[in-house]
Amino acid sequence: MQTLLASVLVVGLSAGAAGAEETYLIKLYRSKEGTKSRVEKNERGKVDTVINGDGVKKEEAVTSDTKEIYTEEVLAIDATTKQITKLSRKYTVAEKTEKGETTKAVYAGKTVLIEKIDGAFTFSVDGKPLSEDAAPDLIKSYKDKKADEPTNEDLVPTEAVAVGRTWKVPVDKADKTLKLLGDGKIKFDASKSTIEGKLVKVYKKVGAQFGVMEFTITAVVTEIGSGDESVATTTDSKMVMKITIDTCIDGTVEFEDATADASVDIVAEFPQAGSVSVRGAVTFTSKINALKK
(Lines of atoms letter the chains of each structure in order from A and count residues from 1; the text may use other names and numbers.)
(Lines give C-alpha, C1' and ligand atoms only; values in the text may rest on other atoms or scores of the structure.)
Protein backbone atom coordinates (compact mmCIF):
# COMPACT_ATOMS: atom_id res chain seq x y z
CA MET A 1 0.00 0.00 0.00
CA GLN A 2 2.81 2.40 0.92
CA THR A 3 4.59 1.65 -2.36
CA LEU A 4 1.39 2.23 -4.34
CA LEU A 5 0.71 5.49 -2.48
CA ALA A 6 4.28 6.68 -3.07
CA SER A 7 3.94 5.90 -6.79
CA VAL A 8 0.71 7.88 -7.01
CA LEU A 9 2.32 10.85 -5.26
CA VAL A 10 5.33 10.80 -7.60
CA VAL A 11 3.08 10.71 -10.67
CA GLY A 12 0.94 13.51 -9.27
CA LEU A 13 3.91 15.73 -8.47
CA SER A 14 5.44 15.09 -11.89
CA ALA A 15 2.19 16.04 -13.61
CA GLY A 16 2.00 19.21 -11.55
CA ALA A 17 5.55 20.18 -12.46
CA ALA A 18 4.95 19.50 -16.15
CA GLY A 19 1.82 21.63 -16.11
CA ALA A 20 3.44 24.61 -14.38
CA GLU A 21 3.61 27.72 -16.54
CA GLU A 22 7.07 28.90 -17.55
CA THR A 23 7.58 32.55 -16.67
CA TYR A 24 9.87 35.21 -18.12
CA LEU A 25 11.43 38.21 -16.40
CA ILE A 26 11.35 40.81 -19.16
CA LYS A 27 14.57 42.77 -19.52
CA LEU A 28 14.99 45.20 -22.41
CA TYR A 29 18.23 46.11 -24.15
CA ARG A 30 20.07 49.18 -22.84
CA SER A 31 22.25 51.15 -25.24
CA LYS A 32 25.98 51.18 -24.59
CA GLU A 33 28.72 53.51 -25.76
CA GLY A 34 29.78 52.39 -29.21
CA THR A 35 26.41 50.79 -30.03
CA LYS A 36 25.51 51.13 -33.71
CA SER A 37 22.05 50.48 -35.09
CA ARG A 38 19.93 50.95 -38.18
CA VAL A 39 16.61 52.65 -37.51
CA GLU A 40 13.52 52.89 -39.73
CA LYS A 41 10.56 55.00 -38.62
CA ASN A 42 7.29 55.82 -40.31
CA GLU A 43 4.29 57.80 -39.11
CA ARG A 44 1.20 58.22 -41.23
CA GLY A 45 -2.29 59.35 -40.42
CA LYS A 46 -5.28 61.56 -40.97
CA VAL A 47 -6.81 64.04 -38.55
CA ASP A 48 -10.16 65.78 -39.08
CA THR A 49 -10.86 69.01 -37.23
CA VAL A 50 -14.30 70.64 -37.10
CA ILE A 51 -14.81 74.10 -35.59
CA ASN A 52 -18.29 75.47 -34.91
CA GLY A 53 -18.61 79.08 -33.87
CA ASP A 54 -20.58 82.25 -34.62
CA GLY A 55 -22.88 80.26 -36.89
CA VAL A 56 -19.95 79.17 -39.05
CA LYS A 57 -18.71 75.61 -39.46
CA LYS A 58 -15.11 75.11 -40.56
CA GLU A 59 -13.76 71.67 -41.45
CA GLU A 60 -10.16 70.67 -42.13
CA ALA A 61 -8.70 67.27 -42.96
CA VAL A 62 -4.94 66.82 -42.74
CA THR A 63 -3.08 63.74 -43.94
CA SER A 64 0.61 63.27 -43.25
CA ASP A 65 3.34 60.71 -43.83
CA THR A 66 6.74 61.00 -42.18
CA LYS A 67 9.65 58.68 -43.01
CA GLU A 68 13.11 58.39 -41.49
CA ILE A 69 15.93 55.92 -42.07
CA TYR A 70 19.25 56.46 -40.35
CA THR A 71 22.27 54.77 -38.81
CA GLU A 72 22.78 55.78 -35.19
CA GLU A 73 25.94 55.49 -33.11
CA VAL A 74 25.96 56.11 -29.36
CA LEU A 75 29.06 58.11 -28.45
CA ALA A 76 28.51 58.95 -24.75
CA ILE A 77 26.15 57.99 -21.91
CA ASP A 78 25.71 59.77 -18.57
CA ALA A 79 26.88 57.37 -15.86
CA THR A 80 24.26 58.61 -13.37
CA THR A 81 21.10 59.09 -15.42
CA LYS A 82 21.99 56.46 -18.06
CA GLN A 83 20.76 58.98 -20.63
CA ILE A 84 22.52 59.14 -24.01
CA THR A 85 24.33 62.49 -24.09
CA LYS A 86 26.16 62.26 -27.40
CA LEU A 87 25.27 60.43 -30.60
CA SER A 88 25.49 60.68 -34.35
CA ARG A 89 22.82 59.93 -36.93
CA LYS A 90 23.58 59.37 -40.59
CA TYR A 91 20.29 59.97 -42.41
CA THR A 92 19.59 58.30 -45.73
CA VAL A 93 15.88 59.25 -45.66
CA ALA A 94 14.24 62.13 -43.79
CA GLU A 95 11.06 63.42 -45.39
CA LYS A 96 7.51 64.49 -44.65
CA THR A 97 4.49 64.47 -46.94
CA GLU A 98 1.62 66.74 -45.97
CA LYS A 99 -1.36 67.77 -48.07
CA GLY A 100 0.19 65.99 -51.04
CA GLU A 101 3.54 67.81 -50.88
CA THR A 102 6.76 66.05 -49.89
CA THR A 103 9.54 67.99 -48.17
CA LYS A 104 12.98 66.61 -47.40
CA ALA A 105 14.68 67.60 -44.16
CA VAL A 106 17.81 69.73 -44.49
CA TYR A 107 19.83 66.89 -42.95
CA ALA A 108 18.63 64.19 -45.38
CA GLY A 109 21.71 62.42 -46.75
CA LYS A 110 23.89 63.95 -44.02
CA THR A 111 25.22 63.10 -40.56
CA VAL A 112 23.83 64.96 -37.57
CA LEU A 113 25.85 65.19 -34.35
CA ILE A 114 23.65 65.50 -31.27
CA GLU A 115 25.36 66.42 -28.01
CA LYS A 116 24.22 67.55 -24.57
CA ILE A 117 26.27 70.53 -23.43
CA ASP A 118 25.61 72.46 -20.20
CA GLY A 119 22.26 70.74 -19.77
CA ALA A 120 20.94 71.40 -23.29
CA PHE A 121 21.16 69.38 -26.49
CA THR A 122 22.99 70.92 -29.44
CA PHE A 123 22.81 69.88 -33.09
CA SER A 124 25.32 70.23 -35.90
CA VAL A 125 25.95 69.05 -39.46
CA ASP A 126 29.49 69.12 -40.85
CA GLY A 127 30.58 71.18 -37.87
CA LYS A 128 27.92 73.85 -38.43
CA PRO A 129 25.05 74.44 -35.96
CA LEU A 130 21.61 73.19 -36.97
CA SER A 131 18.90 75.68 -36.00
CA GLU A 132 15.41 74.88 -34.75
CA ASP A 133 13.94 76.75 -37.72
CA ALA A 134 15.80 74.43 -40.10
CA ALA A 135 14.99 71.19 -38.25
CA PRO A 136 11.96 71.80 -35.99
CA ASP A 137 10.79 68.19 -35.59
CA LEU A 138 14.23 66.76 -34.78
CA ILE A 139 15.18 69.48 -32.32
CA LYS A 140 11.77 69.49 -30.63
CA SER A 141 12.13 65.77 -29.92
CA TYR A 142 15.18 66.57 -27.78
CA LYS A 143 14.41 70.09 -26.55
CA ASP A 144 12.18 69.02 -23.65
CA LYS A 145 13.87 65.68 -23.00
CA LYS A 146 14.29 65.02 -19.28
CA ALA A 147 16.60 62.69 -17.39
CA ASP A 148 13.61 60.82 -15.92
CA GLU A 149 11.73 60.62 -19.21
CA PRO A 150 9.69 57.40 -19.47
CA THR A 151 11.02 54.54 -21.57
CA ASN A 152 9.70 51.15 -22.68
CA GLU A 153 11.12 49.75 -19.44
CA ASP A 154 8.42 51.64 -17.54
CA LEU A 155 5.80 49.58 -19.37
CA VAL A 156 7.10 46.10 -18.58
CA PRO A 157 6.34 44.27 -15.32
CA THR A 158 8.91 44.02 -12.52
CA GLU A 159 7.94 40.39 -11.90
CA ALA A 160 8.21 37.40 -14.23
CA VAL A 161 5.13 36.67 -16.35
CA ALA A 162 3.91 33.71 -18.38
CA VAL A 163 2.81 33.79 -22.01
CA GLY A 164 -0.78 34.98 -22.23
CA ARG A 165 -0.63 36.85 -18.93
CA THR A 166 -1.51 40.54 -18.65
CA TRP A 167 -0.38 43.31 -16.34
CA LYS A 168 -1.33 46.90 -15.61
CA VAL A 169 1.22 49.70 -15.61
CA PRO A 170 1.20 51.55 -12.24
CA VAL A 171 -0.53 54.95 -12.26
CA ASP A 172 2.68 56.92 -11.57
CA LYS A 173 4.47 55.34 -14.54
CA ALA A 174 1.36 55.62 -16.72
CA ASP A 175 1.14 59.32 -15.88
CA LYS A 176 4.70 59.91 -17.13
CA THR A 177 3.96 58.05 -20.36
CA LEU A 178 0.72 59.96 -20.96
CA LYS A 179 2.45 63.31 -20.45
CA LEU A 180 4.99 62.32 -23.08
CA LEU A 181 2.21 61.33 -25.50
CA GLY A 182 0.36 64.58 -24.82
CA ASP A 183 3.38 66.59 -25.95
CA GLY A 184 2.22 69.57 -23.87
CA LYS A 185 -0.90 69.95 -26.04
CA ILE A 186 -3.15 67.28 -24.55
CA LYS A 187 -3.77 66.60 -20.86
CA PHE A 188 -4.97 63.25 -19.55
CA ASP A 189 -6.48 62.00 -16.31
CA ALA A 190 -4.03 59.27 -15.32
CA SER A 191 -6.29 58.01 -12.52
CA LYS A 192 -9.03 57.17 -15.05
CA SER A 193 -6.70 56.05 -17.83
CA THR A 194 -5.16 52.60 -18.18
CA ILE A 195 -2.12 51.01 -19.78
CA GLU A 196 -2.29 47.23 -19.95
CA GLY A 197 0.39 44.91 -21.27
CA LYS A 198 0.37 41.29 -22.37
CA LEU A 199 3.11 38.80 -23.25
CA VAL A 200 1.73 37.24 -26.43
CA LYS A 201 4.47 34.77 -27.34
CA VAL A 202 8.15 33.94 -26.85
CA TYR A 203 10.78 32.41 -29.11
CA LYS A 204 14.52 31.86 -29.35
CA LYS A 205 16.79 33.46 -31.94
CA VAL A 206 20.59 33.79 -32.19
CA GLY A 207 20.85 32.23 -28.74
CA ALA A 208 18.73 34.94 -27.11
CA GLN A 209 15.20 35.04 -25.73
CA PHE A 210 12.75 37.08 -27.79
CA GLY A 211 9.12 37.90 -27.19
CA VAL A 212 6.10 39.73 -28.56
CA MET A 213 4.24 42.10 -26.25
CA GLU A 214 0.99 43.95 -26.77
CA PHE A 215 0.01 47.15 -25.00
CA THR A 216 -3.38 48.84 -24.91
CA ILE A 217 -3.50 52.46 -23.81
CA THR A 218 -6.90 53.96 -23.05
CA ALA A 219 -6.33 57.59 -22.14
CA VAL A 220 -9.05 59.92 -20.86
CA VAL A 221 -8.51 63.42 -22.25
CA THR A 222 -9.32 66.37 -19.96
CA GLU A 223 -7.86 69.38 -21.81
CA ILE A 224 -6.46 70.40 -25.18
CA GLY A 225 -4.22 73.35 -25.94
CA SER A 226 -1.54 74.84 -23.72
CA GLY A 227 -1.16 77.67 -21.25
CA ASP A 228 -3.92 80.28 -21.29
CA GLU A 229 -5.33 78.73 -24.47
CA SER A 230 -6.15 75.36 -22.91
CA VAL A 231 -9.79 74.24 -23.05
CA ALA A 232 -11.63 71.54 -21.07
CA THR A 233 -12.94 68.61 -23.10
CA THR A 234 -16.13 66.57 -22.81
CA THR A 235 -16.07 63.57 -20.47
CA ASP A 236 -16.09 61.04 -23.33
CA SER A 237 -12.99 62.48 -25.02
CA LYS A 238 -10.24 59.90 -25.27
CA MET A 239 -7.28 58.48 -27.11
CA VAL A 240 -6.84 54.75 -27.64
CA MET A 241 -3.54 53.23 -28.72
CA LYS A 242 -2.71 49.60 -29.45
CA ILE A 243 1.00 48.75 -29.61
CA THR A 244 2.74 45.54 -30.64
CA ILE A 245 6.46 45.16 -29.90
CA ASP A 246 8.61 42.25 -31.06
CA THR A 247 11.92 42.50 -29.20
CA CYS A 248 14.65 40.72 -27.26
CA ILE A 249 13.37 40.20 -23.70
CA ASP A 250 16.57 39.06 -21.99
CA GLY A 251 18.39 42.35 -22.63
CA THR A 252 21.23 40.90 -24.72
CA VAL A 253 20.36 41.95 -28.28
CA GLU A 254 19.31 45.32 -29.69
CA PHE A 255 16.29 44.60 -31.86
CA GLU A 256 12.81 46.06 -32.11
CA ASP A 257 9.97 45.73 -34.57
CA ALA A 258 7.06 47.80 -33.33
CA THR A 259 3.70 48.98 -34.63
CA ALA A 260 1.28 51.36 -32.94
CA ASP A 261 -2.23 52.29 -34.05
CA ALA A 262 -3.75 55.31 -32.33
CA SER A 263 -7.23 56.76 -32.59
CA VAL A 264 -8.28 60.14 -31.20
CA ASP A 265 -11.79 61.37 -30.45
CA ILE A 266 -11.77 64.73 -28.67
CA VAL A 267 -14.49 67.34 -28.30
CA ALA A 268 -14.20 70.69 -26.51
CA GLU A 269 -17.17 72.99 -26.02
CA PHE A 270 -16.97 76.74 -25.47
CA PRO A 271 -19.88 78.17 -23.45
CA GLN A 272 -22.04 80.25 -25.82
CA ALA A 273 -19.21 80.26 -28.35
CA GLY A 274 -19.27 76.92 -30.15
CA SER A 275 -17.14 73.79 -30.16
CA VAL A 276 -14.13 72.10 -31.69
CA SER A 277 -13.75 68.40 -32.41
CA VAL A 278 -10.60 66.51 -33.34
CA ARG A 279 -10.93 62.97 -34.66
CA GLY A 280 -8.36 60.88 -36.44
CA ALA A 281 -6.13 57.84 -36.67
CA VAL A 282 -2.35 57.53 -36.82
CA THR A 283 -0.11 54.51 -37.41
CA PHE A 284 3.51 54.37 -36.24
CA THR A 285 6.09 51.76 -37.21
CA SER A 286 9.63 51.42 -35.92
CA LYS A 287 12.38 48.92 -36.72
CA ILE A 288 15.74 48.84 -34.95
CA ASN A 289 18.54 46.43 -35.80
CA ALA A 290 22.00 46.34 -34.27
CA LEU A 291 24.92 46.74 -36.66
CA LYS A 292 28.25 45.00 -36.30
CA LYS A 293 31.03 47.23 -35.02
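Positions in the sequence shown are counted from 1; adding 14 to them yields the working numbering.
In this text, a Cβ means the ideal position worked out from N, Cα and C, and glycines have one as well.
Put simply, of D186, D189, S300 and P171 the residue whose alpha carbon is nearest the alpha carbon of L39 is P171. Ranked by Cα distance from G67, the first of P164, G288, I302 and V292 is G288. Contact check for E82 against S51 fails: the beta carbons are separated by 8 Å or more. Assignment of beta-bridge partners to Y84 by DSSP yields V53 and Y105.
Less than 8 Å divides the Cβ of G294 from the Cβ of V61. When DSSP states are grouped into helix, strand and coil, K182 belongs to the strand group.
Per DSSP, reduced to three states, the secondary structure at A188 is helical. Within the same chain, and ignoring the five residues on either side of T191 in sequence, the residues whose Cβ sits closer than 8 Å to its Cβ are P164, D168, L169, V183, I209 and I231.
In the DSSP assignment, no residue is bridged to P164. About 6 Å separates the beta carbons of A222 and D264, which is inside the 8 Å limit, making them a contact pair. The three-state reading of DSSP puts Y38 in strand, counting E and B together.
Beta-bridge partners of E237 (DSSP): K201 and A246.
Here the alpha carbons of T248 and T266 stand approximately 45 Å from one another. Judged by beta-carbon spacing, Y84 lies beyond the 8 Å limit of E268, meaning their Cβ atoms are not closer than that value. If you compare the alpha carbons of F284, I257 and T80 with that of A272, the shortest gap goes to I257. Here Y105 is buried. Its C-beta has 16 or more other C-beta atoms within 10 Å. Of the residues assessed, L144 falls on the buried side of the cut-off, its CB having 16 or more other CB atoms within 10 angstroms. Between D197 and T236, the C-beta spacing is not below 8 Å. Sorting V234, A233 and Y217 by C-alpha distance to the C-alpha of M227 places Y217 at the top. For Y156, no beta strand (DSSP E) segment is defined; the enclosing uninterrupted segment is the alpha helix (DSSP H) at P150 to K157. Taken atom to atom, the span from the alpha-carbon of E115 to that of E57 is near 15 Å.
For L194, the closest alpha carbon among the candidates K301, K157, K215 and V220 is that of K157. When DSSP states are grouped into helix, strand and coil, K193 belongs to the helix group.
In the DSSP secondary-structure assignment, E115 is bridged to E112. Closest option to V53, judged by alpha-carbon separation, among V107, A188, T63 and E73: V107. Each residue's CA atom was taken as its position, placing L305 and V220 some 14 Å apart. Here DSSP, grouped into helix, strand and coil, assigns L169 to helix.
The Cβ-Cβ distance between V278 and M253 falls below 8 Å.
The beta carbon of G133 sits closer than 7 Å to none of the beta carbons in its chain outside the five residues before and after it.
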